[in-house]
Amino acid sequence: PAVKLLADYTPPPVMVDNIDMEVQLHETKTVVTSVLTCRARPGVSVLELDMDSSMVINTGSGISINGAPAADVSVSAENSKLCIPIPGDVSSAGASFQVQTKVVVNPEANKALEGLYMSGGNFCTQCEAEGFRKITPFPDRPDVMSTYSTVIIADKEKYPVLLGNGNLVESGACENDTTRHFAKYVDPWPKPCYLFALVAGKLVYLKDFFTTMSGRKVALRIYVRDGDIPKCKHAMESLKRSMTWDEEKYGREYDLDIFNVVAVADFNMGAMENKSLNIFNSKYVLASTETATDADFISIEGIIGHEYFHNWTGNRVTCRDWFQLTLKEGLTVFRDQEFSADMGSRAVTRIGNVMRLRSAQFPQDAGPMAHPTRPESYIEINNFYTATVYQKGAEVIRMLYTILGPDGFRRGTDRYFELFDGQAVTCEDWIRALAEANPDKDLEQFKLWYSQAGTPKVKAVVTEGGAGSNTMTVHFEQTIPPTPGQAEKLPMHIPIAMGVLGPDGKPVAFRVGSADGEPVMETVLDLKAKQQTLVLYDVPSGSVASLLRGFSAPVDLEYVGITTSQLCFIMAHDTDSFNTYEASQQLLTQAILENVKRAQAGESMVELDEQIVDAMKLNLADSSLDPMLRAYVLSVPSEGTLFEKVELADPIATYRARKFVKEQLASRLESTLRKVMADLEPKLGGEYSLDPTAMGNRALFNASLELVATMNAQEDLQLCLRRVENATNMTDALAALSILARKDCEESTVAVSLFYKKWSHDYLVVDKWLRIQATSAGANALDVVKQLVSHPAFDISNPNNVYAVLGGFAMGNPYGWHAAEPKGAAYQFIAEQVVRIDKMNPQVASRIVSCFTRWRKFTEPYQSLMKAQLEFIRSSPGISNDVYEIVEKSLA
Ligand code: B3K
Ligand code: ZN
Numbered sequence: 090p091a092v093k094l095l096a097d098y099t100p101p102p103v104m105v106d107n108i109d110m111e112v113q114l115h116e117t118k119t120v121v122t123s124v125l126t127c128r129a130r131p132g133v134s135v136l137e138l139d140m141d142s143s144m145v146i147n148t149g150s151g152i153s154i155n156g157a158p159a160a161d162v163s164v165s166a167e168n169s170k171l172c173i174p175i176p177g178d179v180s181s182a183g184a185s186f187q188v189q190t191k192v193v194v195n196p197e198a199n200k201a202l203e204g205l206y207m208s209g210g211n212f213c214t215q216c217e218a219e220g221f222r223k224i225t226p227f228p229d230r231p232d233v234m235s236t237y238s239t240v241i242i243a244d245k246e247k248y249p250v251l252l253g254n255g256n257l258v259e260s261g262a263c264e265n266d267t268t269r270h271f272a273k274y275v276d277p278w279p280k281p282c283y284l285f286a287l288v289a290g291k292l293v294y295l296k297d298f299f300t301t302m303s304g305r306k307v308a309l310r311i312y313v314r315d316g317d318i319p320k321c322k323h324a325m326e327s328l329k330r331s332m333t334w335d336e337e338k339y340g341r342e343y344d345l346d347i348f349n350v351v352a353v354a355d356f357n358m359g360a361m362e363n364k365s366l367n368i369f370n371s372k373y374v375l376a377s378t379e380t381a382t383d384a385d386f387i388s389i390e391g392i393i394g395h396e397y398f399h400n401w402t403g404n405r406v407t408c409r410d411w412f413q414l415t416l417k418e419g420l421t422v423f424r425d426q427e428f429s430a431d432m433g434s435r436a437v438t439r440i441g442n443v444m445r446l447r448s449a450q451f452p453q454d455a456g457p458m459a460h461p462t463r464p465e466s467y468i469e470i471n472n473f474y475t476a477t478v479y480q481k482g483a484e485v486i487r488m489l490y491t492i493l494g495p496d497g498f499r500r501g502t503d504r505y506f507e508l509f510d511g512q513a514v515t516c517e518d519w520i521r522a523l524a525e526a527n528p529d530k531d532l533e534q535f536k537l538w539y540s541q542a543g544t545p546k547v548k549a550v551v552t553e554g555g556a557g558s559n560t561m562t563v564h565f566e567q568t569i570p571p572t573p574g575q576a577e578k579l580p581m582h583i584p585i586a587m588g589v590l591g592p593d594g595k596p597v598a599f600r601v602g603s604a605d606g607e608p609v610m611e612t613v614l615d616l617k618a619k620q621q622t623l624v625l626y627d628v629p630s631g632s633v634a635s636l637l638r639g640f641s642a643p644v645d646l647e648y649v650g651i652t653t654s655q656l657c658f659i660m661a662h663d664t665d666s667f668n669t670y671e672a673s674q675q676l677l678t679q680a681i682l683e684n685v686k687r688a689q690a691g692e693s694m695v696e697l698d699e700q701i702v703d704a705m706k707l708n709l710a711d712s713s714l715d716p717m718l719r720a721y722v723l724s725v726p727s728e729g730t731l732f733e734k735v736e737l738a739d740p741i742a743t744y745r746a747r748k749f750v751k752e753q754l755a756s757r758l759e760s761t762l763r764k765v766m767a768d769l770e771p772k773l774g775g776e777y778s779l780d781p782t783a784m785g786n787r788a789l790f791n792a793s794l795e796l797v798a799t800m801n802a803q804e805d806l807q808l809c810l811r812r813v814e815n816a817t818n819m820t821d822a823l824a825a826l827s828i829l830a831r832k833d834c835e836e837s838t839v840a841v842s843l844f845y846k847k848w849s850h851d852y853l854v855v856d857k858w859l860r861i862q863a864t865s866a867g868a869n870a871l872d873v874v875k876q877l878v879s880h881p882a883f884d885i886s887n888p889n890n891v892y893a894v895l896g897g898f899a900m901g902n903p904y905g906w907h908a909a910e911p912k913g914a915a916y917q918f919i920a921e922q923v924v925r926i927d928k929m930n931p932q933v934a935s936r937i938v939s940c941f942t943r944w945r946k947f948t949e950p951y952q953s954l955m956k957a958q959l960e961f962i963r964s965s966p967g968i969s970n971d972v973y974e975i976v977e978k979s980l981a
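When you number the sequence shown by UniProt numbering, it's gap-free, plus one each residue, and the end is 981.
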């Protein structure tokens, strides 16, 4: 397969200023007629349109130019380009000309869920990144921006609702066929074709409206299947909050009279920001107290916000080419993270963001798929919608925010919209806009965050000045590990936020750089050199530095020589909640890793240090703290994060050591945990609320219950079972189910089956039930997963089901996955499923095959067995470019 390079970029030979489409919908034979108004660059004599082998096209009579049949039209060998010679008189002097094409596509046969396809009997589309070429021949690249008109025609009974981009200008019955009707939409804003969408089907909607800051009244509608309207309220409220927030924080107003959201059950990813017609995976729209967890409510708010925010960061200003994907995604993730922080608890939101970065992006940055936030090459762009482009991309924006400050950043985004509205631009352009608005800042070195892959490692050595000198010296050293294709790296610009805790635990006002500087409580060091030293004055002896507050840069910080008691001190006193959490995680990580070594050596494990137990108790019992933060502090680092801390990971020893430490926490903190539960109990009843404290209380109760239940006392197991049965909200029911699903006991079997009975009518809840089993099962997980795959509720062509069961198992259940017997049996099973799914849906297959990329990270025999499956997949006939790219790069 061809490798595409950023360095090969050339501007489009032909621009399309407008496209008029007519889509005659039919399940197996949809006819798409398009008229493209084109302008060719001087010297361009052939119009090349991207197309797809799945479409039927009559090159003889299906194409005309300025109304006359086009001559000598050809289709390239791989059926991927339609080449239409432009007669000399037509293209002269850059004049506009019109090209009409007519093609037939088959939505029902489209199991890849890219282009035009069917979900639950309705038509829908997904065009990003390159799906538009499966609907009509077109220069399918984001730097071709056009205005659109779309006429959608379909059977009136089967497809009463017809939706397109932009404003509805006309609709009615078809004159020539009374069983059919049509709707015409016009989108006046030039857009790249990846933002095209249409929907047709039997849908109902929840409606509302929003008045923008300039007084425009926007009709808001969320379209769902019959019966689902009551589950749309939270999404609608989230949408209105997003619209207000973007006006207040960025001065960005919505720009059309309607904004539609459609929920579909078959969707490859979370959601899509099509202009005025967002299409969502229904799991990120539908929610009720009974069926959705607190985490679901939070994700819905975040994703509704994310897609809405794309209207400016992505749609009005878009990407020049797909290498620039982080331009819209990193920025929009940052915006949705900040929106969520403003709507809920900032500290808790930040911890959640960092957990995700560390569990998904750090491993990617350390493995064979490592790439810069702006990749320089790819085979299949769909493989680059990654944690690096999204989550690390958002960290890059966050660092810019930190460096420029809130006002400087806002001046920068204003400048960005002012310069580039209506254009397709690059990451360089983005930095240029920020720099122009902040002439006192130098962002040159910062740009390396776009081009250098790998997680920088920062070592910090803190020393106190001699007695009486009241200084603290912090010496930093950065190194950036080699990544594929990048052996040598340059030092990066890393903003490090820090503060100081005095010997009494109180925050210290210190002076930076000289003894007569202004006293500050916090400072941000711009680490730019490979090594850099910072001297702080007025620091009482016995103080402790609190480094990388709020996780101010996506780096791996090693605080050299920090002691257990200093970490416990930070946990107890830091005013920065992130570092409170971070200290607890460092302590638990050290304790687990120590025991991993012992497990490997066949030695007995060491108990948790008394200091750690005390610090945990203090935190747990402090009811003045945010309960969600207390729950996070109590959370034991995931196996995935632990693997990253060692050279070669032994999955079974890691599992045992982690389990041991968890049991230690449970038994040593038991009385405190039970007291916390008893204190929370009365607060949990009453009306369900999504305010941060209510959610925190549920999380803390459930985290405590999870710990005490590791001791398997009958009454705790019974309590879990009762909660599965009687909980009035999904958060509590699911928490209890996941505790039991991990166990081998009567209550577990009962809980799993009664949960299914209760919820078998709700496919989104069933999806949770599938995932819980796939992620919780122990050494017999492979058998469980095989049963789930043949369960009537499982549909291999539904992406959510596949991600829940196969993804949950291979990527969310490290123990069950590696421990399956005979060794490697689970790898083989998943490899076979990947090959099977790839024939239908390469994007889904490619996500699942990623479970093998880090094979080198594991001890033998795991690594060889995983590698063997990658080789099996590579040798399977007809694998997609999507899967090929991941497999090939993993083996390289
Ligand atoms: N832009 C889409 C993702 C499209 C993925 C294509 N494989 C959703 C989002 O990031 O908002
Ligand atoms: Zn996005």
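Every residue, glycine too, gets a C-beta built ideally from N, C-alpha and C.
Since this is a predicted model, take the numbers as computed values, not measurements.
Please work out which residues of its chain come closer than 6 Å, Cβ to Cβ, to residue i, disregarding the five sequence neighbours upstream and downstream, and give them in chain order.
| i | result |
| --- | --- |
| Phe599 | Val589, Leu625, Asp627 and Val628 |
| Tyr845 | Trp858 |
| Trp334 | Phe428 |
If contacts are defined as beta-carbon pairs under 8 Å, then residue i and residue j qualify, I think. What distance do you get, rounded to the angstrom?
| i | j | result |
| --- | --- | --- |
| Pro226 | Val192 | 7 Å |
| Pro584 | Lys481 | Not quite, the Cβ-Cβ distance comes to about 15 Å (not below 8 Å), so this is no contact. |
| Leu829 | Val855 | So it is not a contact: roughly 17 Å between Cβ atoms. |
| Met140 | Lys170 | 7 Å |
| Leu292 | Val307 | With a Cβ gap of about 20 Å, Leu292 and Val307 do not count as contacting. |
| Cys321 | Leu251 | About 20 Å separates the two Cβ atoms, so there is no contact after all. |
Can you list, in chain order, the residues of its chain whose CB lies under 7 Å from that of residue i, leaving out five sequence neighbours each side?
| i | result |
| --- | --- |
| Ser434 | Asp715, Met717 and Pro781 |
| Thr268 | Asp244 and Lys245 |
| Ser654 | Gln700 |
| Val923 | Ala934, Ile937, Val938, Ile962 and Val972 |
| Asn469 | For the sequence presented, residue 469 should be read as Glu rather than Asn. The answer, listed in chain order, is Asn970, Asp971 and Glu974. |
| Val874 | Ala863, Val894 and Phe898 |
| Glu525 | Arg504 |
At the 8 Å Cβ level, is residue i part of the contact set with chain B, yes or no?
| i | result |
| --- | --- |
| Thr421 | The chain labelled as chain B is not found in the depicted structure, where only one protein chain is given. |
Report yes if the CB atom of residue i is closer than 8 Å to the CB atom of residue j, and no otherwise.
| i | j | result |
| --- | --- | --- |
| Val563 | Ala549 | yes |
| Gln541 | Ile569 | yes |
| Val129 | Val103 | For the sequence presented, residue 129 should be read as Ala rather than Val. Cβ distance < 8 Å, so Ala129 and Val103 count as in contact. |
| Tyr237 | Phe285 | yes |
| Gln620 | Glu566 | yes |
| Val443 | Tyr479 | no |
| Thr515 | Gln413 | yes |
| Gly501 | Leu523 | yes |
| Leu616 | Leu579 | no |
What does DSSP give as the partner residues of residue i in its beta bridges?
| i | result |
| --- | --- |
| Gly204 | Gln215 |
| Ala157 | Ile154 |
| Tyr852 | Its beta-bridge partners do not exist; DSSP assigns none. |
| Pro573 | Partner(s): none; Pro573 has no beta bridge. |
| Val275 | Ser238 and Asn256 |
| Asn107 | Thr126 and Thr236 |
| Tyr312 | Tyr294 and Val351 |
| Met587 | Thr612 and Leu636 |
On the CB-based measure, 16 or more other CB atoms within 10 Å of its CB, does residue i come out buried or exposed?
| i | result |
| --- | --- |
| Met610 | exposed |
| Asp945 | Here residue 945 is Arg; the residue named in the question, Asp, does not match the sequence. By the 10 Å Cβ count, Arg945 comes out exposed. |
| Glu484 | buried |
| Val649 | exposed |
| residue 68 | The question about residue 68 has no answer here: the residues shown for the chain are numbered 90 through 981. |
Suppose the cutoff is 8 Å on Cβ atoms and the five residues either side in sequence are ignored; what does the same chain contact list for residue i look like?
| i | result |
| --- | --- |
| Gln958 | Gly913, Tyr916, Gln917, Ile919, Ala920 and Phe941 |
| Gln807 | Glu836 |
| Ser693 | Arg687 |
| Pro596 | Gly588, Val589, Leu590, Met610 and Thr664 |
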